[in-house]
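Have a look at the structure below before the remarks.
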Amino acid sequence: MVASAPVRFRSPWTQTIDLRTELRVVWRWLRRPGLVRRVLPAIREHLGAAPATTAYAFTVFVTWWTLRGVGDSVERRLIFSASTNLYNMRHNPVQVLVASAFWTDGGFPWSTIAGFLIVMAYAERWLGTTRWIILFATGHIGATLLTVTGISHAIERGVIPLKVAVAADVGTSYGFSAVLAAMAFRFRGLVRVVWAGTLIVTLAAALWIGPTFTDYGHLCACLIGLMVGALATVFGRWVERKTAAKPEAAAVRE
Numbered sequence: 049m050v051a052s053a054p055v056r057f058r059s060p061w062t063q064t065i066d067l068r069t070e071l072r073v074v075w076r077w078l079r080r081p082g083l084v085r086r087v088l089p090a091i092r093e094h095l096g097a098a099p100a101t102t103a104y105a106f107t108v109f110v111t112w113w114t115l116r117g118v119g120d121s122v123e124r125r126l127i128f129s130a131s132t133n134l135y136n137m138r139h140n141p142v143q144v145l146v147a148s149a150f151w152t153d154g155g156f157p158w159s160t161i162a163g164f165l166i167v168m169a170y171a172e173r174w175l176g177t178t179r180w181i182i183l184f185a186t187g188h189i190g191a192t193l194l195t196v197t198g199i200s201h202a203i204e205r206g207v208i209p210l211k212v213a214v215a216a217d218v219g220t221s222y223g224f225s226a227v228l229a230a231m232a233f234r235f236r237g238l239v240r241v242v243w244a245g246t247l248i249v250t251l252a253a254a255l256w257i258g259p260t261f262t263d264y265g266h267l268c269a270c271l272i273g274l275m276v277g278a279l280a281t282v283f284g285r286w287v288e289r290k291t292a293a294k295p296e297a298a299a300v301r302e
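All residue numbers for the sequence shown refer to the working numbering, where the first residue is 49 and numbers rise by one.
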């Protein structure tokens, strides 16, 4: 009996791409005849392969719509109850860690929804839904905890006013920043370095020029994403080597 060929494990973290090659593929796709006819199926395929991102973007829209239908005082209470500020994190940490990621403060979240449907959907298609959720949650939770810890120490030392302990702090940006940073490991060579370096320099400059606790959180989330990406890439290569060695050993025994 002939044994079936073993299926080799491939980690998405090790499946890198060349950016210039990908851009050429996209350019050829755009230049093909029937672009208008192909756009909607392509969008449907893109979003269909990223269910978590699509659901997340829809939820952000729903919460924004909810805030538009209530008065200003109710809106402030809802935002405050979901904020990951120092006060809420000391009293309802789990509740606000979850709730804060689904609310936005301000006008219609055009950039947030567009960023999710384009960038985060691409990341989910690359990593898979489970990995994307874990990475996003790690960035959101990790950056929030680091930020709140920094705020606590700063208030105790009188560096920032006490009112920061009850400031509004909701949104998707910490998780988004972590995933965006980890996407550096999707690319090869110089592009990876430039991608990671640009993010770090941009966020560090924002923290230096006009420091706020959210700027600090964004930089923390970026570093978390890079660390997770580096560790996951190393681990993925190790698992690939292990799984590749097992079929060879079994074939020798047979």
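Glycine included, every Cβ here is placed at the ideal spot set by N, Cα and C. The structure displayed is predicted, hence computed values, not measured ones.
Across the set Ala98, Phe57, Asn133, the C-alpha of Asn133 shows the shortest separation from the C-alpha of Lys211.
Assignment of Ile208 by DSSP, reduced to helix, strand and coil, places it in the coil class.
Judged by beta-carbon spacing, Phe224 lies within the 9 Å limit of Met168, meaning their Cβ atoms are closer than that value. Unbroken alpha helix (DSSP H) stretches of 4 residues or longer found wholly inside the region 225 to 265: 237 to 257, given in chain order. Linking Ala232 to Thr107 through their CA atoms gives a straight-line distance of about 27 Å.
Apart from the 5 residues on each side of it in sequence, Leu247 sits with its Cβ closer than 6 Å to the Cβ of Ala229, Cys270 in its chain, given in chain order. If you keep only unbroken alpha helix (DSSP H) runs of at least 4 residues inside the region 123 to 180, you get 134 to 139, 141 to 147, 158 to 163, 169 to 175.
Under the three-pair Cβ rule at 8 Å, the region 259 to 268 does not count as touching the region 96 to 114.
Excluding sequence positions up to five before and after Ala147, its CB lies within less than 7 Å of the CB of Ala130, all in the same chain and listed in chain order.
According to DSSP, Ile65 shares a beta bridge with Phe235. Here Val122 is exposed, its C-beta having fewer than 16 other C-beta atoms within 10 Å.
Annotation: the continuous alpha helix (DSSP H) that includes Val84 extends over 83 to 96. Proximity to Thr186 across Gly273, Arg79, Pro89 peaks at Gly273, based on C-alpha coordinates. The alpha-carbon separation between Thr114 and Trp75 amounts to approximately 40 Å. For Arg234 and Leu165, the gap between their C-alpha atoms comes out near 18 Å.
For Glu288 and Val249, the gap between their C-alpha atoms comes out near 33 Å. A direct Cα-to-Cα measurement between Val118 and Thr111 gives close to 11 Å. With fewer than three CB-CB distances shorter than 8 Å, the region 251 to 261 does not count as touching the region 176 to 194. In the assembly as shown, Thr160 is a buried residue. Its beta-carbon has 16 or more other beta-carbons within 10 Å.
Beyond the five residues adjoining it in sequence on each side, Val214 comes within less than 7 Å, by CB distance, of Asn133, Tyr135 in the same chain, given in chain order. Only residues of its own chain outside the window of five on either side were considered, and among them Thr132, Ile189, Thr192 have a CB closer than 7 Å to the CB of Leu145, listed in chain order. About 11 Å separates the beta carbons of Arg236 and Thr62, which is beyond the 8 Å limit, so they are not a contact pair.
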